[in-house]
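In case it helps, the working numbering puts the sequence shown at residues 42 to 160.
Even for Gly, the Cβ is constructed at its ideal location relative to N, Cα and C.
First up is the structure itself, then whatever we jot down about it.
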Amino acid sequence: MSPTRPDDDRRVPRRRPISRVGDLLPEAARALGLEEQLRWARAAAAWERLVQARAPAAAGGSRPVRLERDRTLIVDVGAPIVGQELVLRADELLAAFAEMPDGIRAESLRVVVGRGIIR
42 MSPTRPDDDR RVPRRRPISR VGDLLPEAAR ALGLEEQLRW ARAAAAWERL
92 VQARAPAAAG GSRPVRLERD RTLIVDVGAP IVGQELVLRA DELLAAFAEM
142 PDGIRAESLR VVVGRGIIR
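Set out below in structure tokens:
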């Protein structure tokens with residue numbers, strides 16, 4: 042439909058303001074019952090950015106899995122050496138993670154390699 046002149050009876054439909062997809066996701070996730078999954082996806086992205094900045098040797102090799110009731114963050118790693126790097130920097134990483142917008146406040150870190158636990 043083309044724009045009309047002011048004296049024409051037909052009206053041009055108004056468009057809604059443009060919204061960013063990221064701004065729409067929380068409401069859509071809530072409506073679909075996926076809030077927890079969205080929260081963990083955002084936390085995982087924040088964790089990856091944090092590890093990349095603070096422990097580059099471990100970048101791309103870990104992801105947060107869950108937060109235990111005792112505030113222990115369980116992190117899955119692909120290799121023991123990645124886990125060791127994270128354990129060495131645990132205090133620094135956890136403090137920085139708690140400060141990130143999509144981060145999580147945890148008291149301790151447990152690294153899991155497959156089915157084995159490093160710490």
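Pick from the options that is closest to residue i, judged by C-alpha positions
i: R146; options: V92, L114, G155 and E76; result: L114
i: Q125; options: E140, A100, D143 and R112; result: A100
i: V152; options: G119, E133, G144 and F138; result: G119
Residue burial classification, residue i (beta-carbon count within 10 angstroms, cutoff 16)
i: R71; result: exposed
i: A84; result: buried
i: L65; result: exposed
Contact under 9 Å by Cβ, residue i with residue j
i: R130; j: V116; result: no
Unbroken beta strand (DSSP E) run spanning residue i, endpoints
i: I115; result: T113 to V118
i: L79; result: Counting along the chain, L79 falls outside any beta strand (DSSP E), though it belongs to the alpha helix (DSSP H) covering E76 to R95.
i: V153; result: S149 to V154
Boundaries of the alpha helix (DSSP H) in which residue i is found, first to last residue
i: A108; result: The sequence given here places Leu at residue 108; Ala does not occur at that position. No alpha helix (DSSP H) contains L108, which is instead part of the beta strand (DSSP E) from S103 to L108.
Length of the line joining the Cα atoms of residue i and residue j
i: V92; j: L127; result: 8 Å
i: P58; j: A69; result: 18 Å
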